[in-house]
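**Student:** This is the structure, below, for whatever I ask next.
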Amino acid sequence: MQIEFYKYQGTGNDFVMIDNRSGFFPKENNELVARLCDRRFGIGADGLILLENNPMSSIIAMPSDFRMVYYNSDGNLSSMCGNGGRCIVAFAKKLNIIQNSCMFMAADGWHHASVDENGVVSLKMIDVTDIKKESDYTFMNTGSPHHVQLVEDLEHYNVKENGAALRYGSLYGKVGSNINFVKKINEDTFSLRTYERGVEDETLACGTGATAVAIAMNATGQTDATSINLNVEGGKLAVSFDKKGDIFTNVFLIGPAEFVFKGVVEV
1 MQIEFYKYQG TGNDFVMIDN RSGFFPKENN ELVARLCDRR FGIGADGLIL
51 LENNPMSSII AMPSDFRMVY YNSDGNLSSM CGNGGRCIVA FAKKLNIIQN
101 SCMFMAADGW HHASVDENGV VSLKMIDVTD IKKESDYTFM NTGSPHHVQL
151 VEDLEHYNVK ENGAALRYGS LYGKVGSNIN FVKKINEDTF SLRTYERGVE
201 DETLACGTGA TAVAIAMNAT GQTDATSINL NVEGGKLAVS FDKKGDIFTN
251 VFLIGPAEFV FKGVVEV
(Lines of atoms letter the chains of each structure in order from A and count residues from 1; the text may use other names and numbers.)
(Lines give C-alpha, C1' and ligand atoms only; values in the text may rest on other atoms or scores of the structure.)
Protein backbone atom coordinates (compact mmCIF):
# COMPACT_ATOMS: atom_id res chain seq x y z
CA MET A 1 0.00 0.00 0.00
CA GLN A 2 1.19 3.51 -0.83
CA ILE A 3 0.46 6.33 1.60
CA GLU A 4 0.64 9.97 0.58
CA PHE A 5 1.83 12.14 3.44
CA TYR A 6 2.73 15.72 4.22
CA LYS A 7 5.38 16.82 6.69
CA TYR A 8 4.65 19.87 8.87
CA GLN A 9 6.45 21.51 11.76
CA GLY A 10 5.50 24.06 14.39
CA THR A 11 8.54 25.58 16.12
CA GLY A 12 10.44 22.36 15.48
CA ASN A 13 7.70 20.04 16.75
CA ASP A 14 7.28 17.93 13.59
CA PHE A 15 4.44 15.76 12.34
CA VAL A 16 3.50 13.34 9.59
CA MET A 17 0.12 14.55 8.32
CA ILE A 18 -2.24 12.26 6.40
CA ASP A 19 -5.52 13.16 4.71
CA ASN A 20 -7.73 10.31 5.92
CA ARG A 21 -11.12 11.65 4.89
CA SER A 22 -11.62 8.51 2.77
CA GLY A 23 -10.83 6.30 5.79
CA PHE A 24 -8.10 4.27 4.08
CA PHE A 25 -5.50 4.46 6.85
CA PRO A 26 -5.28 1.37 9.15
CA LYS A 27 -5.85 3.26 12.40
CA GLU A 28 -5.39 0.25 14.69
CA ASN A 29 -1.92 -0.52 13.29
CA ASN A 30 0.18 1.09 16.02
CA GLU A 31 3.36 -0.54 14.70
CA LEU A 32 2.86 1.18 11.34
CA VAL A 33 2.41 4.57 13.02
CA ALA A 34 5.58 4.06 15.07
CA ARG A 35 7.50 2.99 11.96
CA LEU A 36 6.40 6.04 9.98
CA CYS A 37 7.50 8.29 12.87
CA ASP A 38 10.87 6.54 13.24
CA ARG A 39 13.69 8.93 12.31
CA ARG A 40 15.99 6.16 11.08
CA PHE A 41 13.66 3.63 9.48
CA GLY A 42 10.67 5.81 8.56
CA ILE A 43 9.75 9.37 7.66
CA GLY A 44 10.60 10.73 11.09
CA ALA A 45 8.39 12.84 13.35
CA ASP A 46 7.33 13.59 16.91
CA GLY A 47 3.85 12.37 16.01
CA LEU A 48 1.41 11.38 13.27
CA ILE A 49 -1.87 13.20 12.65
CA LEU A 50 -4.87 12.04 10.64
CA LEU A 51 -7.24 14.65 9.21
CA GLU A 52 -10.69 13.08 9.01
CA ASN A 53 -14.31 13.99 8.45
CA ASN A 54 -16.08 14.50 11.76
CA PRO A 55 -19.14 12.21 12.00
CA MET A 56 -20.37 14.13 15.06
CA SER A 57 -21.16 17.15 12.86
CA SER A 58 -24.24 15.37 11.48
CA ILE A 59 -25.42 14.31 14.95
CA ILE A 60 -25.17 17.52 16.99
CA ALA A 61 -25.77 21.14 16.09
CA MET A 62 -22.09 22.03 16.01
CA PRO A 63 -20.59 22.54 12.54
CA SER A 64 -17.10 21.12 12.22
CA ASP A 65 -14.63 21.35 9.35
CA PHE A 66 -12.70 18.20 10.27
CA ARG A 67 -11.51 15.90 13.05
CA MET A 68 -7.93 15.58 14.32
CA VAL A 69 -6.65 12.14 15.36
CA TYR A 70 -3.24 12.31 17.02
CA TYR A 71 -0.67 9.57 17.64
CA ASN A 72 2.57 9.95 19.57
CA SER A 73 5.73 8.69 17.91
CA ASP A 74 5.48 5.47 19.95
CA GLY A 75 2.45 4.59 17.82
CA ASN A 76 -0.20 5.09 20.49
CA LEU A 77 -3.24 7.32 20.27
CA SER A 78 -2.74 10.31 22.52
CA SER A 79 -4.38 13.36 24.02
CA MET A 80 -4.38 16.84 22.52
CA CYS A 81 -1.23 18.20 20.87
CA GLY A 82 -1.17 22.00 20.65
CA ASN A 83 1.49 22.37 17.98
CA GLY A 84 -0.10 19.49 16.09
CA GLY A 85 -3.39 21.35 16.30
CA ARG A 86 -1.81 24.42 14.76
CA CYS A 87 -0.22 22.29 12.03
CA ILE A 88 -3.45 20.53 11.11
CA VAL A 89 -5.10 23.92 10.63
CA ALA A 90 -2.35 24.89 8.17
CA PHE A 91 -2.74 21.46 6.52
CA ALA A 92 -6.51 21.91 6.17
CA LYS A 93 -5.93 25.26 4.51
CA LYS A 94 -3.43 23.72 2.08
CA LEU A 95 -6.05 21.08 1.17
CA ASN A 96 -8.60 23.90 0.61
CA ILE A 97 -10.87 22.49 3.31
CA ILE A 98 -10.86 25.86 5.09
CA GLN A 99 -10.01 29.46 4.29
CA ASN A 100 -8.77 31.52 7.24
CA SER A 101 -10.69 30.08 10.19
CA CYS A 102 -12.17 26.78 11.26
CA MET A 103 -13.75 24.65 13.94
CA PHE A 104 -12.50 21.11 14.49
CA MET A 105 -12.79 18.22 16.90
CA ALA A 106 -9.78 16.80 18.78
CA ALA A 107 -9.29 14.36 21.65
CA ASP A 108 -10.15 17.03 24.24
CA GLY A 109 -13.13 18.55 22.44
CA TRP A 110 -13.86 21.39 20.04
CA HIS A 111 -11.25 23.91 18.94
CA HIS A 112 -11.59 27.15 17.01
CA ALA A 113 -8.57 28.39 15.08
CA SER A 114 -7.55 31.05 12.60
CA VAL A 115 -4.53 31.51 10.36
CA ASP A 116 -3.17 34.86 9.16
CA GLU A 117 -1.44 35.85 5.93
CA ASN A 118 1.98 35.00 7.42
CA GLY A 119 1.01 31.46 8.35
CA VAL A 120 0.70 32.19 12.07
CA VAL A 121 -2.03 30.06 13.62
CA SER A 122 -4.05 31.09 16.67
CA LEU A 123 -5.56 28.00 18.29
CA LYS A 124 -8.16 28.20 21.04
CA MET A 125 -7.29 25.73 23.79
CA ILE A 126 -9.56 24.28 26.47
CA ASP A 127 -10.39 26.27 29.59
CA VAL A 128 -8.22 25.46 32.59
CA THR A 129 -10.12 25.30 35.88
CA ASP A 130 -8.17 22.83 38.00
CA ILE A 131 -4.58 23.74 38.91
CA LYS A 132 -2.51 21.90 41.49
CA LYS A 133 0.02 24.28 43.05
CA GLU A 134 2.81 22.80 45.15
CA SER A 135 5.92 24.49 46.60
CA ASP A 136 8.21 23.25 43.82
CA TYR A 137 5.91 22.50 40.88
CA THR A 138 2.51 23.12 39.31
CA PHE A 139 0.32 20.56 37.56
CA MET A 140 -2.64 21.01 35.21
CA ASN A 141 -4.30 19.60 32.12
CA THR A 142 -4.28 21.83 29.04
CA GLY A 143 -5.56 19.08 26.76
CA SER A 144 -2.66 16.90 27.95
CA PRO A 145 -1.28 16.58 31.50
CA HIS A 146 1.65 18.87 32.33
CA HIS A 147 4.08 19.24 35.22
CA VAL A 148 5.68 22.72 35.34
CA GLN A 149 8.82 23.40 37.38
CA LEU A 150 11.18 26.37 37.61
CA VAL A 151 14.88 25.45 37.40
CA GLU A 152 18.20 27.25 37.42
CA ASP A 153 20.60 27.04 34.47
CA LEU A 154 17.93 25.82 32.05
CA GLU A 155 20.40 25.89 29.16
CA HIS A 156 22.52 23.10 30.68
CA TYR A 157 19.75 21.22 32.47
CA ASN A 158 19.51 17.48 31.73
CA VAL A 159 15.93 17.49 30.51
CA LYS A 160 15.87 13.89 29.27
CA GLU A 161 17.21 12.37 32.50
CA ASN A 162 15.29 14.56 34.94
CA GLY A 163 12.16 14.59 32.81
CA ALA A 164 12.09 10.80 32.57
CA ALA A 165 12.58 10.48 36.33
CA LEU A 166 9.48 12.60 36.97
CA ARG A 167 7.45 11.14 34.11
CA TYR A 168 7.97 7.56 35.32
CA GLY A 169 8.16 8.37 39.04
CA SER A 170 5.64 7.74 41.79
CA LEU A 171 4.15 11.23 41.46
CA TYR A 172 2.27 10.41 38.24
CA GLY A 173 2.27 6.62 38.21
CA LYS A 174 1.84 4.49 35.12
CA VAL A 175 -0.10 7.12 33.16
CA GLY A 176 2.72 9.64 33.55
CA SER A 177 2.84 13.31 32.60
CA ASN A 178 4.63 15.66 30.27
CA ILE A 179 7.37 17.53 32.14
CA ASN A 180 8.27 21.20 31.60
CA PHE A 181 11.32 22.98 33.00
CA VAL A 182 11.14 26.77 33.02
CA LYS A 183 13.31 29.86 33.40
CA LYS A 184 11.94 33.39 33.83
CA ILE A 185 13.42 35.93 31.40
CA ASN A 186 11.32 38.98 32.28
CA GLU A 187 7.78 39.90 33.32
CA ASP A 188 6.11 38.50 30.20
CA THR A 189 8.74 36.14 28.74
CA PHE A 190 9.77 32.66 29.84
CA SER A 191 12.00 29.97 28.36
CA LEU A 192 11.03 26.32 28.61
CA ARG A 193 12.20 22.86 27.68
CA THR A 194 9.84 19.90 27.61
CA TYR A 195 10.12 16.15 28.06
CA GLU A 196 7.18 14.69 26.16
CA ARG A 197 5.30 11.60 27.22
CA GLY A 198 4.90 9.23 24.27
CA VAL A 199 7.97 10.64 22.54
CA GLU A 200 9.97 9.77 25.67
CA ASP A 201 12.51 12.47 24.98
CA GLU A 202 12.91 16.22 24.87
CA THR A 203 11.20 17.84 21.90
CA LEU A 204 11.97 21.20 20.32
CA ALA A 205 8.56 22.51 21.34
CA CYS A 206 5.31 21.45 22.98
CA GLY A 207 2.18 23.54 22.49
CA THR A 208 0.13 22.21 25.39
CA GLY A 209 3.31 22.52 27.47
CA ALA A 210 3.80 26.17 26.48
CA THR A 211 0.17 26.78 27.38
CA ALA A 212 0.64 25.12 30.78
CA VAL A 213 3.79 27.12 31.49
CA ALA A 214 2.10 30.45 30.68
CA ILE A 215 -0.86 29.66 32.92
CA ALA A 216 1.32 28.25 35.71
CA MET A 217 3.56 31.32 35.78
CA ASN A 218 0.52 33.57 36.15
CA ALA A 219 -1.26 31.31 38.65
CA THR A 220 1.80 31.16 40.92
CA GLY A 221 2.54 34.89 40.84
CA GLN A 222 5.62 34.80 38.62
CA THR A 223 3.85 37.26 36.31
CA ASP A 224 0.67 39.30 36.13
CA ALA A 225 0.74 39.26 32.32
CA THR A 226 -2.13 37.62 30.46
CA SER A 227 -0.24 37.59 27.17
CA ILE A 228 3.01 35.68 27.56
CA ASN A 229 5.93 34.98 25.22
CA LEU A 230 7.53 31.54 25.36
CA ASN A 231 11.01 30.75 24.09
CA VAL A 232 11.20 27.08 23.11
CA GLU A 233 14.14 25.21 21.62
CA GLY A 234 12.59 25.40 18.14
CA GLY A 235 11.52 29.06 18.14
CA LYS A 236 8.94 31.30 19.78
CA LEU A 237 5.33 30.83 20.81
CA ALA A 238 2.81 33.08 22.54
CA VAL A 239 -0.09 32.29 24.85
CA SER A 240 -2.90 34.66 25.82
CA PHE A 241 -5.84 34.14 28.16
CA ASP A 242 -8.50 35.71 30.35
CA LYS A 243 -8.30 35.08 34.08
CA LYS A 244 -10.90 35.14 36.84
CA GLY A 245 -9.54 33.80 40.10
CA ASP A 246 -7.90 30.50 39.26
CA ILE A 247 -10.05 29.96 36.17
CA PHE A 248 -8.42 30.57 32.80
CA THR A 249 -10.62 31.01 29.73
CA ASN A 250 -10.23 32.18 26.13
CA VAL A 251 -6.82 30.52 26.09
CA PHE A 252 -5.01 30.88 22.76
CA LEU A 253 -1.79 29.25 21.59
CA ILE A 254 -0.18 31.36 18.86
CA GLY A 255 2.71 30.53 16.57
CA PRO A 256 3.85 29.48 13.08
CA ALA A 257 2.90 26.22 11.37
CA GLU A 258 4.93 25.38 8.29
CA PHE A 259 4.72 22.87 5.44
CA VAL A 260 8.07 21.10 4.98
CA PHE A 261 7.60 18.54 2.20
CA LYS A 262 5.22 16.04 0.63
CA GLY A 263 5.89 12.43 -0.29
CA VAL A 264 4.65 8.89 -0.80
CA VAL A 265 5.74 5.95 1.34
CA GLU A 266 5.31 2.25 0.52
CA VAL A 267 4.17 0.13 3.47
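No gaps in the numbering here: position 95 of the sequence shown is 95 in the UniProt record's numbering, and each next residue is one more. Where is the CB? At the ideal position from N, CA and C, for every residue including glycine. Remember, it's a predicted structure, so these values are computed and weren't measured experimentally.
State the start and end residues of the unbroken alpha helix (DSSP H) segment that holds V213.
**Tutor:** Where V213 is concerned, the enclosing alpha helix (DSSP H) stretches over G207 to A219.
**Student:** Which residue wins for smallest C-alpha separation from A92, given the options A257, V267 and A216?
**Tutor:** Among A257, V267 and A216, the Cα nearest to that of A92 is on A257.
**Student:** Can you tell which of E134, S73, L48 and I215 has the C-alpha that lies nearest to the C-alpha of D127?
**Tutor:** Measuring from the Cα of D127, the nearest candidate turns out to be I215.
**Student:** Measure from the alpha carbon of S191 to the alpha carbon of each residue in R197, K183 and G198, then state which is nearest.
**Tutor:** The candidate whose alpha carbon is nearest that of S191 is K183.
**Student:** Within the same chain, show all residues whose beta-carbon is closer than 8 Å to that of V264, passing over the 5 residues directly before and after it, in chain order.
**Tutor:** Counting only Cβ-Cβ distances below 8 Å, and skipping sequence neighbours, we find Q2, I3, E4 and F5.
**Student:** Decide yes or no for the touch test of the segment 106-116 against the segment 63-82: beta carbon pairs closer than 8 Å, at least 3 of them.
**Tutor:** Touching, yes, given that three or more Cβ pairs across the two stretches are closer than 8 Å.
**Student:** Does DSSP put G82 in a helix, a strand or coil?
**Tutor:** Three-state DSSP puts G82 in a helix.
**Student:** Are the beta-carbon atoms belonging to R86 and G255 less than 8 Å from one another?
**Tutor:** Yes, Cβ-Cβ distance for R86 and G255 is below 8 Å.
**Student:** Take the Cβ of A165 as the centre, count every other Cβ of all protein chains shown within 10 Å, and call the residue buried at 16 or more, exposed below.
**Tutor:** Classification of A165: exposed, given that the 10 Å Cβ count is below 16.
**Student:** Out of L154, F24, S122 and C102, which has the shortest C-alpha to C-alpha gap to N231?
**Tutor:** The candidate whose alpha carbon is nearest that of N231 is L154.
**Student:** Give the list of continuous alpha helix (DSSP H) stretches no shorter than 4 residues that lie fully inside the segment 65-132.
**Tutor:** If we require 4 residues or more, the alpha helix (DSSP H) runs fully inside the segment 65-132 come out as 82-94.
**Student:** Would the beta-carbon of V148 fall within 8 Å of that of N180?
**Tutor:** Cβ atoms of V148 and N180: closer than 8 Å.
**Student:** Quick one: does the C-beta of G44 sit closer than 7 Å to a heavy atom of the ligand ZN?
**Tutor:** Absence of the ligand ZN from the depicted structure is noted, as is the absence of any ligand whatsoever, leaving it without description.
**Student:** Only counting the same chain, and skipping five residues up and downstream in sequence, which positions put a Cβ closer than 6 Å to that of S227?
**Tutor:** So the qualifying residues of the chain are S240.
**Student:** Would you check if the distance between the CB atom of G207 and the CB atom of G82 is smaller than 8 Å?
**Tutor:** The answer is yes: Cβ separation under 8 Å.
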